[in-house]
Amino acid sequence: MRALTRKMWRDLWQVRAQAVAIALVVMCGVGTYIMFLATLGSLRDTQASYYREYRFAEIFASLKRAPDALGLRIGEIAGVNHVDTRVVVPIRLEMPDFDEPVTGLMASLPDRGPPGLNALYLSQGRLPDPLRADEVVASLPFAQAHGLDLGDRFYAVLNGRKQPLTLVGKALSPEFVQLLRPGSVFPDYKRYGVFWMSRRALGQAYDLEGAFNDIALTLRAGANAQFVIDRLDELLGPYGGLGAYERADQRSHRFLSEEFNQLGTLASLFPVLFMGIAAFLLNVVIGRIVTMQREQIATLKAFGYGNLGVLGHYLQFVTVIVAVGVIGGTLLGIWLGQRLSLVYMAFYHFPYLQFSLEPMTAAEAGAASLLAAGAGTLFAVWRAATLRPAQAMRPEPPARYRETWIERLGVKRWLSQPARMIFRHIQRRAVKSALTILGIALGCGVILTGLFQQDTVGYMVNVQYGMSQREDLSVTFTEPTAYRARFDLLGLRGIEHVEVFRAVAVKLRHGPRSYRTAIRGLEPDGDIQRVLDARLRPVSLPADGLLLTDYLGTLLDVRPGDSLLVEVLEGNRPVREIPVVGLVKEYLGVSGYMELGALNRFMREGPTISGAYLSVDSAQLPELFTALENMPRVAGVAQRVQEIRNFNRVMEETMLFFTYVATMFAVVIAFGVVYNSARIALTERGRELASLRVLGFTRGEISYILLGELAVLTLVAIPLGLLLGYWMCYYIALALQNDLFRVPVILAPATYAFAASVVLVAAMLSGLVVRRRLDQLDLIAVLKTAE
Amino acid sequence: MTPQIDTDPAGKEAVFQARGLTKVYSMGEVEVQALRGVDIEFFAGEFVVLLGPSGSGKSTLLNILGGLDSPSGGSVRYGDHDLSVYDDAALTRYRREHVGFVFQFYNLIPSLTARENVALVTEIAANPMTPEEALARVGLAERMDHFPAQLSGGEQQRVAIARAVAKRPDVLLCDEPTGALDAQTGVLVLDVIARVNRELGTTTVVITHNAVIAGMADRVVYLSDGLVARVERNAQKVAAAQLRW
Numbered sequence: 002m003r004a005l006t007r008k009m010w011r012d013l014w015q016v017r018a019q020a021v022a023i024a025l026v027v028m029c030g031v032g033t034y035i036m037f038l039a040t041l042g043s044l045r046d047t048q049a050s051y052y053r054e055y056r057f058a059e060i061f062a063s064l065k066r067a068p069d070a071l072g073l074r075i076g077e078i079a080g081v082n083h084v085d086t087r088v089v090v091p092i093r094l095e096m097p098d099f100d101e102p103v104t105g106l107m108a109s110l111p112d113r114g115p116p117g118l119n120a121l122y123l124s125q126g127r128l129p130d131p132l133r134a135d136e137v138v139a140s141l142p143f144a145q146a147h148g149l150d151l152g153d154r155f156y157a158v159l160n161g162r163k164q165p166l167t168l169v170g171k172a173l174s175p176e177f178v179q180l181l182r183p184g185s186v187f188p189d190y191k192r193y194g195v196f197w198m199s200r201r202a203l204g205q206a207y208d209l210e211g212a213f214n215d216i217a218l219t220l221r222a223g224a225n226a227q228f229v230i231d232r233l234d235e236l237l238g239p240y241g242g243l244g245a246y247e248r249a250d251q252r253s254h255r256f257l258s259e260e261f262n263q264l265g266t267l268a269s270l271f272p273v274l275f276m277g278i279a280a281f282l283l284n285v286v287i288g289r290i291v292t293m294q295r296e297q298i299a300t301l302k303a304f305g306y307g308n309l310g311v312l313g314h315y316l317q318f319v320t321v322i323v324a325v326g327v328i329g330g331t332l333l334g335i336w337l338g339q340r341l342s343l344v345y346m347a348f349y350h351f352p353y354l355q356f357s358l359e360p361m362t363a364a365e366a367g368a369a370s371l372l373a374a375g376a377g378t379l380f381a382v383w384r385a386a387t388l389r390p391a392q393a394m395r396p397e398p399p400a401r402y403r404e405t406w407i408e409r410l411g412v413k414r415w416l417s418q419p420a421r422m423i424f425r426h427i428q429r430r431a432v433k434s435a436l437t438i439l440g441i442a443l444g445c446g447v448i449l450t451g452l453f454q455q456d457t458v459g460y461m462v463n464v465q466y467g468m469s470q471r472e473d474l475s476v477t478f479t480e481p482t483a484y485r486a487r488f489d490l491l492g493l494r495g496i497e498h499v500e501v502f503r504a505v506a507v508k509l510r511h512g513p514r515s516y517r518t519a520i521r522g523l524e525p526d527g528d529i530q531r532v533l534d535a536r537l538r539p540v541s542l543p544a545d546g547l548l549l550t551d552y553l554g555t556l557l558d559v560r561p562g563d564s565l566l567v568e569v570l571e572g573n574r575p576v577r578e579i580p581v582v583g584l585v586k587e588y589l590g591v592s593g594y595m596e597l598g599a600l601n602r603f604m605r606e607g608p609t610i611s612g613a614y615l616s617v618d619s620a621q622l623p624e625l626f627t628a629l630e631n632m633p634r635v636a637g638v639a640q641r642v643q644e645i646r647n648f649n650r651v652m653e654e655t656m657l658f659f660t661y662v663a664t665m666f667a668v669v670i671a672f673g674v675v676y677n678s679a680r681i682a683l684t685e686r687g688r689e690l691a692s693l694r695v696l697g698f699t700r701g702e703i704s705y706i707l708l709g710e711l712a713v714l715t716l717v718a719i720p721l722g723l724l725l726g727y728w729m730c731y732y733i734a735l736a737l738q739n740d741l742f743r744v745p746v747i748l749a750p751a752t753y754a755f756a757a758s759v760v761l762v763a764a765m766l767s768g769l770v771v772r773r774r775l776d777q778l779d780l781i782a783v784l785k786t787a788e
Numbered sequence: 248m249t250p251q252i253d254t255d256p257a258g259k260e261a262v263f264q265a266r267g268l269t270k271v272y273s274m275g276e277v278e279v280q281a282l283r284g285v286d287i288e289f290f291a292g293e294f295v296v297l298l299g300p301s302g303s304g305k306s307t308l309l310n311i312l313g314g315l316d317s318p319s320g321g322s323v324r325y326g327d328h329d330l331s332v333y334d335d336a337a338l339t340r341y342r343r344e345h346v347g348f349v350f351q352f353y354n355l356i357p358s359l360t361a362r363e364n365v366a367l368v369t370e371i372a373a374n375p376m377t378p379e380e381a382l383a384r385v386g387l388a389e390r391m392d393h394f395p396a397q398l399s400g401g402e403q404q405r406v407a408i409a410r411a412v413a414k415r416p417d418v419l420l421c422d423e424p425t426g427a428l429d430a431q432t433g434v435l436v437l438d439v440i441a442r443v444n445r446e447l448g449t450t451t452v453v454i455t456h457n458a459v460i461a462g463m464a465d466r467v468v469y470l471s472d473g474l475v476a477r478v479e480r481n482a483q484k485v486a487a488a489q490l491r492w
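Listed in order, the protein sequences are those of chains D and A.
Heads up: the first sequence is residues 2 to 788, going by the numbering used here.
Heads up: the second sequence is residues 248 to 492, going by the numbering used here.
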């Protein structure tokens, strides 16, 4: 081994604690990067291959009822590849040993051969026998949630008739990778499931023999999807078609895409943030380590080592540290990526996970780290190496110290001599001090980004379910119903208060922009269901006109006073204009709101409702469930408590993992910065402090000078860090917002306190280490050697 | 004062020739005129002691001769080459090929053993002796695998000398080599330097402010206030072992 290489390894050993701290920071940066990208890549690969293998359809449409022969005509539309007509109906179920309301979706399977599109992945059992009307396949998560085994029996209400069913298989479908009840954004596998039975049996139950009410199709390569959709709408219109839509609007796919986008956003934000901070630290720390070797660089040069040789030597030094970080980070990232993928797999029902890491991803992370470290090294080595060796070996000229502005403010007489030294030193090395402050501040701020989602989610739940949707139960009817159903509900025991609503599926258009959603007609001055303004105060519904979620206003580019074109997607599908009279604040979903009567007038219908929000006496809940289930018009009952529980469960399982990892990494980064700052300060000033000891200063006094500086810098850095952290959270929230949800930036005082404490503890521990070193300062040796 | 230009009686060629050499430093907020126009020559194989009080410009002159620093004005030639116009890369090559340095504070790399400190230089030299040979020459064959921190000051300085001579340099430049050593150890170190000069024929320039050391030189150059005050030739050289201070 060459002597210079040996020097490199031994120098590395000398600064091992700092090197480890730096490598850990790099590791966290690279680890997050790999974790997110590997997870995202794996999920996307898995999704693509699952869709391909199980032939997930590309265009979907629902309708009232059409004869099978129409399917053939649809197959003749130019660009259509394969058509599947089927029966899909919402159902209610009664599960043994579970007396809460359960709803689901029942889809038909072709009687001959396997389904052409949206094929089932059977994890257990078989497909239903077309000759047996009671055989069903259940979605795997539902079967698991209820502990169902093959052969188990339960009941479903099919077209108003209660019918026994036998479980013959458990399956997953590319149509239901995200399994959500309509109107809910969080899964509840116990109360909602998807089932499949034979076309013949389901057709008989719903009087749809030789007919269909749902269609899925694939396109030929290069086909014009919009053309197919338009033709499909024309053909299905007379049969009560509800408007065909592309895969992009398919519910499960839509949620999946949004979540992948979110993950993609996090995957670009967090690693960039972490890698950026790691790079910054690397740059500063390596720069200072190299600067401390100024004299050795001069000696090497005196003996004829060229600038490139010296630079190469230090680059090698840095490369080892970074390589350890990159390799460790890659392994850590893969491990965490697998964990994170599994967390997501609990919510995305893929039959398998293809975990993969693009070699390029790891290479990118490595290159970015090396580049950052290399730049820091280059700068520092260049500064040291371009000095004439004679100059580099001379002690630096006495630094130009001045009275600081703090002293000039007139507080001088209260500052002791050591305190003045602290302030003068900070001011004299203003850039270095500023960089240290910035480094510590970034470490502090990044902790907030890990924790803010938790605070925010708590806040969102509180607003959504505490201030806006305050019902105990919501009931939806199978179809729009006369207003008097309100009184039927009021007559049930246990119901304390009823507010009815009308929900109409619509497509809103404004110029070239359009959005599919629902308009909800609410009772004026309702107390259960309220819409909130920007400052979260309840808004009283206007007598006429439409209120829009503020984010939908942005999406459609409308302001109060503008008009929207509303395409109603039910009944005879009228298209009418309506004025937007205001915007309301919502964190989850986007929709339009109207006063109930105004919506009925807009629909040109009598007093009609789609469902009701109830507040109930919880003691009477079981009886109430039974009573509601026995009302034939009730399609489903949802319990707000369950929504909150589902919400919290999803958040806990996905976000806690993320929060945990991000916070851990942030803490490591914060420690890395503070520790390195302290160690470097010690090395840079050891001589000066030893001289003070010789002059009679005590250990405590010199510790005060050095640690006092660290304390001042830390105390300045913490508020700055909290501010930076808030900004980082703000940008993350901005990047995460979409029509499914908007994340407000809410940071609890405890979160700020935690971030500040981590930095303080890091500073104190680093201070202790430095203090121990200060106690061991070899006074004689320091004075005998040259600077 | 007119500087005295000396010629070598034996007619040897000048290794170094400085003319009107000036050097100005800015130290913080003050400017220091270190050299004010030095004219001097050094001849092949001779042992020269540069004597003068601190601040007289000895180190500055030595650093310029060794290519560690560039003059502010005037010229300095090494053989046929004008060092004053050399850029950094050329100076690096010059130092690598021709110059060996010994510094007052040894400037050993603390993370390398004695042998490795010497190897650091032999690895980039064209025709070096082995580190072992170089260390044997300075009497440290037994302590080759010790780190600087495990060696006494005198031993460290001898490692530094071994490191300087291992490449068989044309010139050996020593800046206060005994400045940090006690008399007894200092004598030992000077003896090693004299032996290298004698046995390898290396042109040797030693800076000191200890006038006693002047006795072992072929010539003594007195610097004062950035100028050559006078040059003396010793009729009789004294062996290092006989020096006492």
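C-beta: ideal position from N, C-alpha, C; glycine also.
Predicted, not measured: the structure shown is a model, and the values here were computed from it.
Worksheet item: Comparing the C-beta of Gly305 (chain D) with each C-beta of chain A, is any distance below 8 Å?
Response: Taking Cβ atoms only, chain A reaches closer than 8 Å to Gly305 (chain D), which makes this a yes.
Discussion item. If we define contact as Cβ-Cβ less than 8 Å, is Ile252 (chain A) a contact residue for chain D?
Written reply: For Ile252 (chain A), the predicted model reports a pLDDT of 46, less than 50, meaning its position is unreliable; a value from the coordinates is still stated below. Closer than 8 Å: no.
Practice prompt. Have a look at Leu257 (chain D) and Gln179 (chain D) and give me their C-alpha separation to the nearest angstrom.
Written response: 7 Å
Item to complete: Output, in chain order, the set of chain D residues within a Cβ distance shorter than 7 Å of Ala366 (chain A).
Response: Within chain D, the residues near Ala366 (chain A) are Ala4.
Discussion item. Under 8 Å, Cβ to Cβ, is there at least one residue of chain D near Ala337 (chain A)?
Written reply: Not one chain D Cβ lies under 8 Å of Ala337 (chain A).
Item to complete: Report buried or exposed for Thr40 (chain D), applying the criterion of at least 16 other Cβ atoms within 10 angstroms of its Cβ.
Response: buried
Worksheet item: Do you know how far the Cα of Ala751 (chain D) is from the Cα of Leu723 (chain D)?
Response: Rounded to the nearest angstrom, the two C-alpha atoms are 12 Å apart.
Worksheet item: Exposed or buried, what is Gly433 (chain A) when buried is set at 16 or more other beta-carbons lying within 10 Å of its beta-carbon?
Response: buried
Worksheet entry | Cβ shell of Ala749 (chain D) (< 7 Å), same chain only, five flanking positions each side left out | Asp456
Worksheet item: For Ala691 (chain D), which option in D:Ala754, D:Tyr661, D:Arg774 and D:Val744 has the closest C-alpha, if you only look at C-alpha atoms?
Response: D:Arg774
Discussion item. I'd like the ranges of any beta strand (DSSP E) spanning at least 3 consecutive residues and lying wholly in the region 8-90 of chain D.
Written reply: 60-68 and 81-87
Fill in: Option nearest Ile311 (chain A) by Cα separation, candidates A:Gly292, A:Leu268 and A:Glu278
A:Leu268
Worksheet item: Got a sec: which bits of the region 370-391 of chain D sit with their beta carbon under 8 Å from any beta carbon on chain A, in order along the chain?
Response: Thr387, Arg389, Pro390 and Ala391
Discussion item. Taking CB distances under 8 Å as the criterion, tell me whether Ile356 (chain A) reaches chain D.
Written reply: yes
Discussion item. Does any residue of chain D have a CB that is nearer than 8 Å to the CB of Arg342 (chain A)?
Written reply: It does: the Cβ of Arg342 (chain A) has a partner Cβ on chain D nearer than 8 Å.
Worksheet item: Which class does Phe356 (chain D) belong to by DSSP, given the choice of helix, strand or coil?
Response: Three-state DSSP puts Phe356 (chain D) in coil, outside helix and strand.
Discussion item. Tell me the residue span of the alpha helix (DSSP H) that contains Leu509 (chain D).
Written reply: Not the alpha helix (DSSP H): Leu509 (chain D) falls in the beta strand (DSSP E), residues Ile496 to His511.
Practice prompt. Leaving out five residues on either side along the sequence, give the residues of the same chain with a beta carbon under 8 Å from the beta carbon of Gln777 (chain D).
Written response: Only residues of its own chain outside the window of five on either side were considered, and among them none has a CB closer than 8 Å to the CB of Gln777 (chain D).
Practice prompt. Just list the beta strand (DSSP E) runs in the region 590-626 of chain D, keeping only unbroken ones of 3 residues or longer that don't cross its boundaries, in chain order.
Written response: 593-596 and 609-617
Item to complete: Using three-state DSSP, classify Pro175 (chain D) as helix, strand or coil.
Response: helix
Worksheet item: For Asn649 (chain D), which residues in chain A fall below 7 Å Cβ to Cβ?
Response: Those do not exist, as Asn649 (chain D) stays about 56 Å from chain A at its closest Cβ, beyond 7 Å.
Fill in: Distance, Pro424 (chain A) Cα to Gln404 (chain A) Cα
7 Å
Practice prompt. Quick one: grab the DSSP three-state call for Met96 (chain D).
Written response: Met96 (chain D): strand per DSSP, three-state reduction.
Item to complete: Check the Cβ of Asn245 (chain A) against every Cβ in chain D and list those closer than 7 Å, keeping chain order.
Response: Since the displayed chain A opens at 248 and closes at 492, residue 245 (chain A) lies outside it and no answer follows.
Worksheet entry | C-alpha gap between Gln15 (chain D) and Asp438 (chain A), whole angstroms | 35 Å
Worksheet item: Which one of A:Gly473, A:Thr455, A:Leu419 and A:Val468 has the shortest CA to CA distance from Gly292 (chain A)?
Response: A:Leu419
Item to complete: Note the first and the last residue of the continuous beta strand (DSSP E) segment covering Trp197 (chain D).
Response: Tyr193 to Ser199
Worksheet item: Between the C-alpha atoms of Gly302 (chain A) and Glu278 (chain A), what's the straight-line distance to the nearest angstrom?
Response: When rounded, the distance between both Cα atoms is 13 Å.
Discussion item. For a test of the three-state rule: what should DSSP assign to Ala268 (chain D), helix, strand or coil?
Written reply: helix
Worksheet item: Is the CB of Asp316 (chain A) under 8 Å away from at least one CB in chain D?
Response: When Cβ-Cβ separations below 8 Å define contact, Asp316 (chain A) makes contact with chain D.
Worksheet item: Are the C-beta of Gln777 (chain D) and some C-beta of chain A separated by less than 8 Å?
Response: No, because no Cβ of chain A sits closer than 8 Å to the Cβ of Gln777 (chain D).
Discussion item. Closer than 7 Å between beta carbons: that is the criterion. Which residues of the region 19-32 of chain D meet it against chain A?
Written reply: none
Worksheet entry | Touching by the beta-carbon criterion (3+ pairs, under 8 Å), the region 493-510 of chain D and the region 608-616 of chain D | yes
Worksheet item: Skipping 5 residues on each side, what residues in its chain have a beta carbon closer than 8 Å to that of Leu533 (chain D)?
Response: Val464, Met468, Ser469, Pro539, Val540, Val585, Lys586 and Glu587
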